[in-house]
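Notes follow the structure.
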């Protein structure tokens, strides 16, 4: 699932998005020895690991 699908689902189900929060990623927390074909340190700088949507139901 991508971010636009989640946002569009919230809106289409009557929610108002009040705020979107992204954590700042700290690449120093990741061990240089960590290897994965999905994880790339350079990409991590541009894509946060956590996104929080603050929403409320439209009345």
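Numbering (the numbering used here), first residue to last: 22 to 80.
Just so you know, even glycine gets a beta-carbon here, dropped at the ideal spot from N, CA and C.
Keep in mind the model is a prediction, meaning the values are calculated, not measured.
Check whether residue i and residue j have beta carbons under 8 Å apart
i	j	result
residue 99	residue 38	Past the boundaries of the shown model lies residue 99; the chain is included only from 22 to 80, so the question cannot be answered.
residue 31	residue 73	no
For residue i: DSSP bridge partner residues
i	result
residue 43	72
residue 38	76
Where the alpha helix (DSSP H) containing residue i begins and where it ends
i	result
residue 29	24-33
Own chain partners of residue i with C-beta closer than 8 Å, once the 5 adjacent residues on each side are dropped
i	result
residue 28	38 and 74
residue 36	76, 77, 78 and 79
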